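Trainee:
The structure is reproduced here in C-alpha cells:
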C-alpha cells in the first residue's frame, strides 16, 4: 500500500490487517507514555481544505504517537488563497521532502489527482461526496469490537445518503467484510443510480426505517448535511426527525445486542435523538477513540514497510 | 533434530529452576514472551514455575514490532498484541522470553518497548536457543541450548501451540529449506 484513496483499492485481507493492527495500537492509548518510535524521522502534512475536528486531530495525534513530525495546513493560510493552483501548492510541499500528505478537499477525486502529481504517499481524509476511507475503517473496527466478526451481520446505514462520503466507503468496507447492508433514506436523499455502484453489490435499499430496525445488528445514522443542500430535500427538520430520526420510540425497536454508530458531527434532535446518542449501546465516542488507533494503523501500513521510502 | 519436544520441556524446567535460584524465589517476577513462539514459551515457563514453587507468576506478551529498527527494510509486519498483566512492569523483575537469540536486535527493541511501559527493577533474558552472531552487546541470562550456527543456516523452532501436533522440535536447516525460521 502506498496510498489510501478508496476502500475499493483494499482487499479483504488488507482491511483485516489494518483492523487487526489497530487493536495493538489501541493499547497505546491507555499507556502513560503514548509514544512509539515507529515513524521517527517521517514527516506528515495534514492538508485540510475543509473544516474538521475529529479527522484532522486524530490523524495528527496518530502521527505524533508514532513519532512522526506532523504539520497542519489549511487552504486558507496557504498560497492557495493567493491564487496558486492546487497542483503547484502540493508540488511545493512534496519538494520539501515530506513522506505523506493527508488531504481533505471539497472536490471529489482531489486526493486521487494529488496522488498522481506527487511522489509521497497520499491519504484521502474525505473528498467531496466521494469517499472517507479512514472513517469506514474505524467504523468497521468499532463494530467489530462490539459485535465480533462482521461476516453475515446486518448493518443499516440511514439518512442523508446523497451527500455522504462516509456512505460509499462504509458500504464498500462492510460488504468486503461480509456484512449485509441496507441503506435507508427518504427517496429524495437516496442517490440516483445507487444500485449500479461498482464493487458494492449485494446491498438492499429501503424507505422504511421502522421495518429495517428490528433486523439489524448495527445502525449507522448519517448526518443531514444541510450545508451541502441547495434545495429542499424534505419539508421540515421536524418531519425528517419523525420519519427518519433515531427517536426514543425507534430505539426500542432494536434487538438487545444491536449497536448505534454515528460518524459525527451529530445533529441532535434531527437524525439522532439525545436518548439514542447517549444510550449505553451508542458507540459514538468509541468511534472517536478508535479513530486514533485505526489511523495509527493506516500510517503504519503506508509508511513503515518496504518500498515506502521515497 | 537438535532438540526434541522432551528436550524443550526439560530446558524450560531447567530455566525455571535457574530463574528461581537467581531471583531467590518467585517474588516480583513477571514473564513477558515475545510473540509468537516466545509468548508460548513464556506460558510454559510460567507453568513450570507454578509446579516447582507452587506460586503463580504473572505471564504476558510484549510485541516489539513497532520498536524494530528494520521496519523500512522489510514488508509491513503484522503487529501482535501486547498484554502486560497485573500492575504493569514498575518494580518488577521482568524476564523476557524468546525462542531464538540471534543478532540481538529483537531484544534491543524489547528493551525500548519495556522502557515505554514503565521502570522494571531488573530485566533478564531467557531464550530457548542461542545461535550466536550478535550485532549488539546483548547476552542471555538463561539459555536452553547454545547452538553454534553459520549465517547461512536457519534455526527452525516448532511448538505444538503454534505449529500443531507432531511438529514440535528445533532443527537446523540450510538456506534452501524454507519455512519460518531465524
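Protein chains in written order, with the numbering used here: chain A, 86 to 395; chain B, 2 to 183.
For each residue, glycine too, the CB sits at the ideal point set by N, CA and C.
Note that the structure is predicted; figures quoted are calculated from it, not measured.
(1) Against chain B, with Cβ distances strictly below 9 Å, would residue 121/A count as a contact?
(2) Please check if any C-beta of chain B sits within less than 9 Å of the C-beta of residue 385/A.
(3) If you follow the beta strand (DSSP E) that residue 24/B is in, where does it begin and where does it stop?
(4) Can you tell me the Cα-Cα spacing of residue 132/B and residue 156/A, whole angstroms?
(5) Return the CA-CA distance between residue 180/B and residue 103/B, expressed in angstroms with no decimal places.
(6) Are the Cβ atoms of residue 117/A and residue 92/B separated by less than 9 Å?
(7) Give me the Cα-Cα distance between residue 39/B and residue 98/B, rounded to the nearest whole angstrom.
(8) Unbroken beta strand (DSSP E) runs of length 3 or more, entirely within the stretch 109-135 of chain A: which are they?
(9) Can you pull the DSSP bridge partners for residue 157/A?
(10) Give a yes or no on whether 9 Å exceeds the smallest Cβ distance from residue 81/B to chain A.
(11) What separation, rounded to the nearest whole angstrom, lies between the Cα atoms of residue 114/B and residue 85/B?
(12) Among 107/A, 334/A, 174/A, whose alpha-carbon lies nearest the alpha-carbon of residue 79/B?
(13) List the residues of chain B whose Cβ lies closer than 8 Å to the Cβ of residue 105/A, in chain order.
(14) Curious, which full-length alpha helix (DSSP H) runs of at least 4 residues does the stretch 119-167 of chain B contain?
(15) What does a CB cutoff of less than 8 Å around residue 150/B pick up in its chain, not counting 5 residues either side in sequence?
(16) Are at least three pairs of beta-carbons, each pair with one atom in the stretch 62-71 of chain B and one in the stretch 25-40 of chain B, less than 8 Å apart?
(17) Can you tell which of 205/A, 105/A, 148/A has its C-alpha closest to the C-alpha of residue 124/A?
(18) Give, in chain order, every residue of the stretch 44-68 of chain B whose Cβ lies closer than 7 Å to some Cβ of chain A.
(19) Beta-carbon within less than 8 Å of residue 152/B's beta-carbon, same chain only, minus the 5 sequence neighbours each way: which residues are those?
(20) To the nearest whole angstrom, what separates the beta carbons of residue 203/A and residue 223/A, a pair I think is in contact under 8 Å?
(21) So residue 42/B packs on residue 17/B, CB below 8 Å; how close in whole Å?
Mentor: Judging by the given coordinates:
(1) Closer than 9 Å: yes.
(2) Chain B, which has a Cβ nearer than 9 Å to the Cβ of residue 385/A, makes this yes.
(3) Unbroken run through residue 24/B is the alpha helix (DSSP H), 6-24; no beta strand (DSSP E).
(4) Roughly 45 Å between the two C-alpha positions.
(5) The pLDDT assigned to residue 180/B is 47, lower than 50, so where the model puts this residue is not dependable; a value taken from the coordinates is nonetheless given after this. One C-alpha to the other measures close to 17 Å.
(6) Taking 9 Å as the Cβ cut-off, residue 117/A and residue 92/B do not qualify as a contacting pair.
(7) Taken atom to atom, the span from the alpha-carbon of residue 39/B to that of residue 98/B is near 5 Å.
(8) Whole beta strand (DSSP E) segments, 3+ residues: 128-133.
(9) In DSSP, residue 157/A forms a bridge with 131/A.
(10) Chain A places a beta carbon closer than 9 Å to that of residue 81/B, counting this residue as a contact.
(11) Cα-Cα distance, rounded: 12 Å.
(12) Looking at 107/A, 334/A, 174/A, the one whose alpha-carbon comes closest to that of residue 79/B is 107/A.
(13) For residue 105/A, the neighbours in chain B by C-beta distance under 8 Å run, in chain order, 79, 80.
(14) The qualifying runs are 161-164.
(15) Counting only residues of its own chain and dropping the five nearest sequence neighbours on each side, residue 150/B has a CB closer than 8 Å to the CB of 132, 133, 134, 156, 173.
(16) Yes, since at least three Cβ pairs between the stretch 62-71 of chain B and the stretch 25-40 of chain B fall closer than 8 Å, the two stretches touch.
(17) Per the C-alpha coordinates, the member of 205/A, 105/A, 148/A positioned closest to residue 124/A is 148/A.
(18) The residues in question are 64, 67, 68.
(19) For residue 152/B, same chain residues with a beta-carbon under 8 Å away, outside a window of 5 residues either side, are 134 in chain order.
(20) No, residue 203/A and residue 223/A are not in contact; Cβ-Cβ is about 25 Å, not under 8 Å.
(21) Incorrect: roughly 11 Å between the Cβ atoms, too far for contact.
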